[in-house]
Amino acid sequence: MVVRSLGAAGPTVTPIGLGLAALGRPAYIDLGRDADLIERDVASMELRCHEVLDAAYAGGVRYVDVARSYGMAERFLADWFADRPEAVGEMTVGSKWGYTYVADWRIDADVHEVKDHSVEALRRQAPASLALLENHLSLYQIHSATLESGVLEDAAVLDELRRLRDERGVVIGMSVSGPRQADVVRRALELGEAAPFRCVQATWNVLEPSAGPALAEAHDAGWGVIVKEALANGRLTARGDPPAVRILRDVGGRHGATEDAVAIAAALAQPWADVVLSGAVTTAQLRSNLRAADVRLGEEDIDRFAAIVVPADAYWAARSALAWH
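So, in structure tokens, the structure goes:
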């Protein structure tokens with residue numbers, strides 16, 4: 003894969019990255035996870051995580067996404083770097099703060115993560131990320147920034163993020179989720195140089211493309227743009243929503259690609275997208291996802307996706323109803 007800059011002056015990345023949200027903890031909301039992961043003790047999960055990281059590295063992936071709330075994802079990644087010195091300096095790593103993992107490695111926990119966008123949480127979580135990832139960490143993001151949390155106007159948080167940028171040399175960004183993603187991105191852009199943000203990570207897929215115009219504005223402002231949930235937590239795979247899967251399968255038949263590769267290719271086709279994340283938990287899934295890099299969708303293909311777009315509120319209500327497996 004071709005290496006590119008994450009935004010106007012960001013670190014180098016590849017068009018497809020690997021997210022470890024589903025590999026760093028025993029429970030997540032992806033469809034079919036029960037069949038994909040049988041052994042879920044810490045040692046087995048770390049072994050699986052390293053296998054997928056090895057396949058990603060061999061496949062040309064050079065961006066990895068983690069977060070403090072992804073269970074042991076940061077530790078698993080740090081251990082992988084320790085065992086793979088050839089990858090040091092080649093992989094760009096982004097992590098996030100603002101949620102705390104509280105499930106204690108239980109699949110049946112009532113609560114898996116707790117949100118806290120206070121400066122105290124930032125001062126607690128940033129040193130933990132840096133202690134594990136050290137010089138590997140290039141991007142540090144607010145995890146699911148919202149207008150309601152007030153984090154974008156919190157002077158203490160913004161000062162602390164600027165300090166991290168200036169003293170540790172990391173790019174500062176934010177991830178966004180929910181039906182108001184576009185509003186959050188535009189509010190951050192309005193802050194201009196008063197805020198340290200130079201990257202945004204957002205959900206965009208063929209079911210829920212509503213953030214696209216705001217992400218284009220961020221790209222035009224020189225920000226890096228990372229796409230998450232391009233497969234809609236499994237809903238855009240063979241396990242997912244029948245109408246959408248039928249269209250993806252039909253388009254894939256023209257390109258010799260599976261449904262997942264077509265869905266990721268649709269995200270890669272957006273001119274503002276720097277990185278599209280794979281959330282694969284098996285090496286077979288990853289290799290299928292990476293096929294997207296070779297899929298070139300035409301206008302006729304893109305036009306077919308209009309039939310499966312759902313209102314943002316409906317999409318996010320359905321996502322909220324997904325069970326942790």
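Quick note: the sequence shown uses my numbering, first residue 3, plus one each step.
Virtual Cβ for every residue (Gly too), placed ideally from N, Cα, C.
Please read all numbers here as calculations on a predicted model, not as lab measurements.
Beta bridge counterpart(s) of residue i as assigned by DSSP
{"i": "residue 204", "result": "229"}
{"i": "residue 19", "result": "279"}
{"i": "residue 7", "result": "14"}
{"i": "residue 102", "result": "116"}
{"i": "residue 173", "result": "141"}
{"i": "residue 199", "result": "174"}
Buried/exposed call for residue i, threshold 16 Cβ in 10 Å
{"i": "residue 70", "result": "buried"}
{"i": "residue 137", "result": "exposed"}
{"i": "residue 100", "result": "buried"}
{"i": "residue 112", "result": "exposed"}
{"i": "residue 98", "result": "buried"}
{"i": "residue 230", "result": "buried"}
{"i": "residue 67", "result": "buried"}
{"i": "residue 12", "result": "buried"}
{"i": "residue 244", "result": "exposed"}
{"i": "residue 266", "result": "buried"}
{"i": "residue 211", "result": "buried"}
{"i": "residue 161", "result": "exposed"}
{"i": "residue 28", "result": "buried"}
{"i": "residue 40", "result": "exposed"}
{"i": "residue 305", "result": "exposed"}
{"i": "residue 256", "result": "exposed"}
{"i": "residue 182", "result": "buried"}
{"i": "residue 177", "result": "buried"}
{"i": "residue 278", "result": "buried"}
{"i": "residue 254", "result": "buried"}
{"i": "residue 7", "result": "exposed"}
{"i": "residue 152", "result": "exposed"}
{"i": "residue 57", "result": "buried"}
{"i": "residue 343", "result": "For the chain, the structure presents residues 3 to 327; residue 343 sits outside this window and is missing."}
{"i": "residue 159", "result": "buried"}
Residue from the options with nearest C-alpha to residue i
{"i": "residue 285", "options": "50, 193, 36 and 18", "result": "50"}
{"i": "residue 47", "options": "66, 77 and 32", "result": "77"}
{"i": "residue 292", "options": "179, 62, 8 and 37", "result": "62"}
{"i": "residue 274", "options": "317, 213 and 23", "result": "213"}
{"i": "residue 5", "options": "308, 165, 64 and 31", "result": "64"}
{"i": "residue 107", "options": "301, 215 and 25", "result": "25"}
{"i": "residue 18", "options": "55, 29, 139 and 119", "result": "55"}
{"i": "residue 294", "options": "14, 305 and 268", "result": "268"}
{"i": "residue 10", "options": "225, 219 and 171", "result": "225"}
{"i": "residue 124", "options": "16, 79, 142 and 254", "result": "142"}
{"i": "residue 135", "options": "82, 176, 186 and 126", "result": "82"}
{"i": "residue 52", "options": "22, 30, 182 and 118", "result": "22"}
{"i": "residue 234", "options": "262, 290, 254 and 283", "result": "262"}
{"i": "residue 239", "options": "20, 3, 35 and 14", "result": "35"}
{"i": "residue 311", "options": "168, 104, 327 and 249", "result": "249"}
Inter-residue spacing [alpha-carbon to alpha-carbon] between residue i and residue j
{"i": "residue 313", "j": "residue 84", "result": "45 Å"}
{"i": "residue 163", "j": "residue 198", "result": "7 Å"}
{"i": "residue 322", "j": "residue 299", "result": "30 Å"}
{"i": "residue 33", "j": "residue 281", "result": "12 Å"}
{"i": "residue 74", "j": "residue 236", "result": "22 Å"}
{"i": "residue 195", "j": "residue 156", "result": "15 Å"}
{"i": "residue 241", "j": "residue 271", "result": "23 Å"}
{"i": "residue 132", "j": "residue 193", "result": "27 Å"}
{"i": "residue 251", "j": "residue 209", "result": "15 Å"}
{"i": "residue 184", "j": "residue 173", "result": "21 Å"}
{"i": "residue 147", "j": "residue 92", "result": "29 Å"}
{"i": "residue 246", "j": "residue 288", "result": "21 Å"}
{"i": "residue 150", "j": "residue 189", "result": "12 Å"}
{"i": "residue 203", "j": "residue 140", "result": "14 Å"}
{"i": "residue 223", "j": "residue 200", "result": "9 Å"}
{"i": "residue 180", "j": "residue 205", "result": "8 Å"}
{"i": "residue 315", "j": "residue 88", "result": "45 Å"}
{"i": "residue 128", "j": "residue 115", "result": "17 Å"}
{"i": "residue 166", "j": "residue 144", "result": "13 Å"}
{"i": "residue 319", "j": "residue 16", "result": "32 Å"}
{"i": "residue 44", "j": "residue 122", "result": "29 Å"}
{"i": "residue 260", "j": "residue 219", "result": "31 Å"}
{"i": "residue 119", "j": "residue 14", "result": "28 Å"}
{"i": "residue 264", "j": "residue 309", "result": "15 Å"}
{"i": "residue 126", "j": "residue 297", "result": "43 Å"}
{"i": "residue 1", "j": "residue 171", "result": "A query on residue 1 cannot be resolved here, the shown segment of the chain reaching from 3 to 327 and no further."}
{"i": "residue 187", "j": "residue 154", "result": "10 Å"}
Completely contained beta strand (DSSP E) runs for the region 33-116, where each covers 3 or more residues | Fully enclosed beta strand (DSSP E) runs of 3 or longer: 65-67, 94-99 and 101-103.
Ordered list of beta strand (DSSP E) runs contained in the region 245-316, each at least 3 residues = You should have 277-280.
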